[in-house]
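2 protein chains.
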Amino acid sequence: MYQIDPAFLRTSHAVGDLALSHVRLHDDARYPWLVLIPRVTAARELEDLSRTDLATLTDEILLVGRAVRTLGTPVDKLNVGALGNVTPQLHVHVVGRRQGDPAWPGPVWGHSDAEPYSDAALLKALTRAAATLGL
Amino acid sequence: MYQIDPAFLRTSHAVGDLALSHVRLHDDARYPWLVLIPRVTAARELEDLSRTDLATLTDEILLVGRAVRTLGTPVDKLNVGALGNVTPQLHVHVVGRRQGDPAWPGPVWGHSDAEPYSDAALLKALTRAAATLGL
Chain A
1169 MYQIDPAFLR TSHAVGDLAL SHVRLHDDAR YPWLVLIPRV TAARELEDLS
1219 RTDLATLTDE ILLVGRAVRT LGTPVDKLNV GALGNVTPQL HVHVVGRRQG
1269 DPAWPGPVWG HSDAEPYSDA ALLKALTRAA ATLGL
Chain B
1169 MYQIDPAFLR TSHAVGDLAL SHVRLHDDAR YPWLVLIPRV TAARELEDLS
1219 RTDLATLTDE ILLVGRAVRT LGTPVDKLNV GALGNVTPQL HVHVVGRRQG
1269 DPAWPGPVWG HSDAEPYSDA ALLKALTRAA ATLGL
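Residue numbers (our numbering), protein chains in the order written: chain A, 1169 to 1303; chain B, 1169 to 1303.
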């Protein structure tokens, strides 16, 4: 049965469920950053998904990219990554990057400690993300 | 007209062309690492591709993942990333990661200077990659 790795619960907040993926807001106010976790038992790599699920995931990555763009100041580049070296459960990061952001132009993963959202900013970000995702 | 950013020519070697993407071997012998560059003029983000091209790219990412697995010792985790903060032309990295590799468990991008292949190892890697890709 599908179960979310507890590591995600410590570093992110639930936005809601799309057709395939559970979507979470990564708790770092410095970057507009959402994470998709396909609800597929034991999936670790993209190749573990069926062709149908892969097509759905692709659609959801684009949709989540649009949501990331609504979370703050204009994004210069989206960064999309499926890594999983630390938490192997299949998940895809979609991060809005801006020239001059703390990790620019390097990757955000492993760069520096997150700066959690304030309660008010968190509520605003979750609300905006959910609205764009139709949740 | 489609033209490859010269930055790729300095850091990688051509493997060949799939239906959509030009495939290159990143010149760092420490990691089995291929890069897909969709031959689509002015594409920077995944959302710049048509739905048909996105589906083809997804298939090609899986195929390239299989090729990465043939390049060396067994891979513990594939890392798939579309970043483009430095070179914005749309491209997708597929990197085979192993526990204890130089950047593990962090991302390879921006970690440390590449260690170029020797001529013999380069030829072997290009040949193996092309064979798996059917090129």
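Ideal Cβ placement from N, Cα and C applies to all residues, glycine included.
The beta-carbon of Val-1203(B) is placed no less than 8 Å from the nearest beta-carbon of chain A.
Within 10 angstroms of the beta-carbon of Ala-1210(B) lie fewer than 16 other beta-carbons, which makes it exposed.
In terms of CA proximity to Leu-1188(A), Ile-1205(A) leads the group Ile-1205(A), Arg-1178(A), Ala-1182(A). Assigned with DSSP and collapsed to three states, Ala-1223(A) falls in helix. With its beta carbon at least 8 Å from every one in chain B, Pro-1200(A) lies outside the interface. In the three-state reduction of the DSSP assignment, Gly-1249(A) falls in the strand class.
Shown here, Pro-1206(B) sits in a strand according to DSSP, grouped into three states.
Less than 8 Å divides the Cβ of Pro-1200(B) from the Cβ of Gly-1240(B). Around the C-beta of Leu-1177(A), fewer than 16 other C-beta atoms lie within 10 Å, and the residue is accordingly described as exposed. Put simply, of Glu-1215(B), Thr-1255(B), His-1259(B) the residue whose alpha carbon is nearest the alpha carbon of Arg-1207(B) is His-1259(B). Scanning its chain for C-beta atoms nearer than 7 Å, with the 5 sequence neighbours on each side dropped, one finds around Ala-1235(B) the residues Leu-1202, Ala-1297, Thr-1300, Leu-1301, in chain order. Counting along the chain, the unbroken alpha helix (DSSP H) around Asp-1287(A) starts and ends at 1287-1301. The Cβ of Thr-1300(A) sits no closer than 8 Å to any Cβ of chain B.
Using beta-carbon distances, Arg-1265(A) counts as an interface residue toward chain B, with a partner under 8 Å.
By the Cβ rule, the segment 1261-1270 of chain A does not count as touching the segment 1260-1271 of chain B, because fewer than three pairs are nearer than 8 Å. In this structure, Asn-1253(A) lies near Pro-1273(B), with their beta-carbon atoms less than 8 Å apart. By the neighbour-count criterion, in which a residue is buried when 16 or more other Cβ atoms sit within 10 angstroms of its Cβ, Pro-1242(B) is exposed. The distance from the Cβ of Trp-1277(B) to that of Pro-1275(A) is about 5 Å, consistent with a contact at the 8 Å cut-off. Residue pairing of Asp-1185(B) in beta bridges, as defined by DSSP: His-1190(B). By DSSP's assignment, Trp-1201(B) forms a beta bridge with Val-1263(B).
Here the alpha carbons of Val-1248(A) and Leu-1217(A) stand approximately 18 Å from one another.
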